[in-house]
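Step one of this worksheet: look at the structure below.
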Amino acid sequence: EAGVTQFPSHSVIEKGQTVTLRCDPISGHDNLYWYRRVMGKEIKFLLHFVKESKQDESGMPNNRFLAERTGGTYSTLKVQPAELEDSGVYFCASSLRLAVNTGELFFGEGSRLTVL
Amino acid sequence: RKEVEQDPGPFNVPEGATVAFNCTYSNSASQSFFWYRQDCRKEPKLLMSVYSSGNEDGRFTAQLNRASQYISLLIRDSKLSDSATYLCVVNQGYSTLTFGKGTMLLVSP
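Encoded structure:
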């Protein structure tokens, strides 16, 4: 069974440009999460989808970040315009049941974003 | 105070040693606790849940102290393959699992 896949694995862009990250969760997982790790910091929650609905987006840093999950399958995270402080590794994770209960988050390998 | 605090290490231990990590959390209402493992430049993976009464999985033992708001992970008979960063994870609300920065473990021959 395929795991969580993320694309691209690494993106280098200039400040002010736009980047779109994609996540394909494990098939059948209704819960999809985005997390981010900025260098030297902990992995931080960004938002949580249940199917196509945003359940919790309290971790989104600002309105330059837009996440979508049309049709409840794959998700995209767009950063527009990108700033230097957006550099980091963006992890997507999915779970069958609510992860706060089971702890069982299946992470993708992450998309490393470098903003110059 | 950080939500989840861990000693970043690194903890350098020889093979066969026993090593323990602690983690403190700030939210007294937290109900779910986990340890994750992350290998260098890889994704985090769930290692084990932490139950109130403590629990064991092979060489790994996890304990929870609600009164002092800390959890621990004990690794016995360390293997080279145990070298990784161990992340303490605590729920902070309905959706949110909050991660600590992690403790790095290096097991040497």
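Line by line, the protein sequences are chains A and B.
Following our numbering, the numbering of the first sequence begins with 564 at its first residue and continues without gaps.
Following our numbering, the numbering of the second sequence begins with 29 at its first residue and continues without gaps.
In this text, a Cβ means the ideal position worked out from N, Cα and C, and glycines have one as well.
Residue 117 of chain B is bridged by DSSP to B:62, B:127. Not a single CB atom of chain A sits nearer than 7 Å to the CB of residue 36 of chain B.
Pairing residue 106 of chain B with residue 57 of chain B gives a Cβ-Cβ distance that is not under 7 Å.
Look at residue 133 of chain B: its C-beta is not under 7 Å from any C-beta on chain A. Put simply, of A:647, A:669, A:661 the residue whose alpha carbon is nearest the alpha carbon of residue 581 of chain A is A:647. For residue 52 of chain B, DSSP records a beta bridge to B:33, B:98. A distance below 6 Å between beta-carbons, with the five flanking residues on each side excluded, links residue 677 of chain A to the following residues of its chain, in chain order: 575, 650.
654, 662, 663, 664: these are the residues of the stretch 642 to 665 of chain A whose beta carbon lies less than 7 Å from some beta carbon of chain B, given in chain order. When the five nearest sequence neighbours on each side are left out, the beta carbons in the same chain lying within less than 7 Å of the beta carbon of residue 613 of chain A are those of 593, 594, in order along the chain.
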